[in-house]
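Shown next, in structure tokens, is the structure this report addresses.
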Amino acid sequence: MINDLLAEAQKHIGKRYVHGTHGPNTFDCSGFTSYVYKQFGYNLSPGSRIQYTQGTPVSRNELRKGDLVFFTSRSSGKNVGHVGIVWEADNEKGTFKFIHASIRGVRISNFEGYYVPRYIGAKRIINK
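Following our numbering, the numbering of the sequence shown begins with 274 at its first residue and continues without gaps.
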């Protein structure tokens with residue numbers, strides 16, 4: 274199921290970011306995650322801060338494909354302001370790639386640079 278979820282997410286690479294939208298043609302970050310999960314019967318609340326209250330907490334060295342990862346944003350201060358879906362994880366190195374709706378559209382990004390100091394945590398929605 275996780276591979277199917279990631280395949281669904283991948284279909285949307287390149288679609289535009291528009292704040293407050295939930296697909297299927299444009300997305301904001303939480304709209305993207307909620308849209309993808311909804312295709313598989315999981316209802317995530319809109320808003321990255323609310324999504325951070327859902328699921329089971331996961332440490333960074335236990336990440337799996339499909340987990341949600343949360344970050345601060347330029348406008349959120351120390352609060353959750355961005356969310357994405359783990360694309361792949363290297364738990365030995367503590368690194369991962371994630372697919373998300375960024376200001377540049379839906380894309381896959383590495384957990385590096387800008388994102389490292391902004392990382393807040395992760396949640397597992399699908400426990401299989």
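Cβ atoms here follow ideal geometry from the backbone N, Cα and C, with glycine treated the same way.
The structure displayed is predicted, hence computed values, not measured ones.
Can you tell me the Cβ-Cβ gap for residue i and residue j, rounded? I've got them flagged as a contact below 8 Å.
| i | j | result |
| --- | --- | --- |
| T306 | I376 | Actually they do not touch by this definition, with Cβ atoms about 16 Å apart. |
| W360 | I381 | 5 Å |
| I286 | V379 | 5 Å |
| Q327 | L317 | 6 Å |
| T345 | N400 | So it is not a contact: roughly 26 Å between Cβ atoms. |
Give me the residue from the options with the minimum Cα distance to residue i.
| i | options | result |
| --- | --- | --- |
| Q324 | Y387, K401 and V356 | V356 |
| G314 | Y392, F384, I275 and V379 | I275 |
| V342 | V353, S349 and S348 | V353 |
| K311 | S332, K338, D277 and N334 | D277 |
Label residue i either buried or exposed according to how many other C-beta atoms from any shown protein chain fall within 10 Å of its C-beta, with 16 as the threshold for buried.
| i | result |
| --- | --- |
| A280 | exposed |
| T299 | buried |
| Y290 | buried |
| Y387 | exposed |
I'd like the list of long-range same chain contacts for residue i, defined as Cβ closer than 8 Å, with 5 residues on each side in sequence excluded.
| i | result |
| --- | --- |
| G293 | D301 and G304 |
Note down, in chain order, each residue of its chain lying with its Cβ closer than 6 Å to the Cβ of residue i, except the 5 sequence neighbours on either side.
| i | result |
| --- | --- |
| V331 | D340, A395 and R397 |
| R322 | V353 |
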